[in-house]
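This report concerns only the one structure given below.
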Amino acid sequence: MRFGTMHKQGDIVLIPVPFSDLSKRKQRPVLIISNDYYNIMTEDIVVVAITSQLKDLDYSVVIEPKDLDEGQLKVTSAIRADKIYTLSKDIIRKKFGQVNIRILEDVQTKVKNLINNMR
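Okay, so the sequence shown: first residue is 26 according to my numbering, each after it adds one.
Right, dumping it as structure tokens:
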């Protein structure tokens with residue numbers, strides 16, 4: 026973990042994502058969903074993808090600029106609760122913002138719906 030840096034549940038951070046041919050990388054936002062205790066105790070964070078593509082929304086939560094407690098959102102986006110990743114904190118480029126508690130709870134509900142035995 027970088028000295029003095031604490032990544033919290035609900036933070037939106039930028040990470041480098043390689044293109045499929047691994048030739049280049051592009052910065053992409055993700056939402057940290059792992060709890061603060063996990064984030065302190067491990068070198069990793071658990072995140073979900075954020076996209077500006079507003080389609081396939083069954084397991085997504087739409088966010089608008091007003092849904093951030095910190096930072097700025099340039100365009101209405103979707104948090105994809107079905108795109109879950111565990112990443113090293115070392116690849117985080119910067120904190121982009123933080124979602125409000127309602128959005129975080131909506132994402133948690135979508136993740137629970139994804140893994141529960143529901144049809």
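Backbone N, C-alpha and C define an ideal beta-carbon position, used for all residues, glycine too.
Inter-residue CB distance, residue 35 and residue 136 (contact presumed, cutoff 8 Å): Here residue 35 refers to the residue found at position 10 of the sequence shown. Here residue 136 refers to the residue found at position 111 of the sequence shown. About 14 Å separates the beta carbons of residue 35 and residue 136, which is beyond the 8 Å limit, so they are not a contact pair.
Residue 53 in three-state terms, based on DSSP: By 1-based counting over the sequence shown, the position of residue 53 is 28. DSSP, reduced to helix, strand and coil, places residue 53 within a strand of the structure shown.
Residue(s) in a DSSP beta bridge with residue 118: Counting from one through the sequence shown, the residue named residue 118 turns up at place 93. According to DSSP, residue 118 bridges with nothing at all.
Buried versus exposed, by CB contacts within 10 Å (16 or more), residue 100: Translated into positions along the sequence shown, residue 100 becomes position 75. Exposed: under 16 other Cβ atoms inside 10 Å.
Cα-Cα separation between residue 91 and residue 134, rounded to whole angstroms: Residue 91 sits at position 66 when you count from the first residue of the sequence shown. Residue 134 sits at position 109 when you count from the first residue of the sequence shown. For the pair residue 91 and residue 134, the Cα-to-Cα distance works out to about 20 Å.
Segment limits, alpha helix (DSSP H) that includes residue 130: Taking the sequence shown and counting its residues from 1, one reaches residue 130 at position 105. Boundaries of the alpha helix (DSSP H) harbouring residue 130: 126-140, taken from the DSSP string.
Outcome for residue 141 when other beta-carbon atoms lying within 10 angstroms are tallied against a minimum of 16: Counting from one through the sequence shown, the residue named residue 141 turns up at place 116. It is exposed - the Cβ of residue 141 has fewer than 16 other Cβ atoms within 10 Å.
Beta-bridge partners of residue 110, as assigned by DSSP: If you number the sequence shown from 1, residue 110 lands on position 85. For residue 110, which the question treats as bridged, DSSP gives the partners 72.
Other residues of its chain near residue 122: CB distance less than 7 Å, five sequence neighbours each side excluded: Here residue 122 refers to the residue found at position 97 when the sequence shown is read from its first residue. The answer, listed in chain order, is 37, 93, 95, 96, 97, 98.
Exposure label - residue 138; buried when at least 16 CB within 10 Å: The residue you call residue 138 lines up with position 113 of the sequence shown. Residue 138 is exposed by the Cβ-count criterion.
Burial state of residue 56, where buried means 16 or more other Cβ atoms lie within 10 Å: Taking the first residue of the sequence shown as 1, we reach residue 56 at position 31. By the neighbour-count rule (16 or more Cβ atoms within 10 Å), residue 56 is buried.
Residue burial classification, residue 5 (beta-carbon count within 10 angstroms, cutoff 16): For residue 5 there is no data in the structure shown, the boundaries of the chain being 26 and 144.
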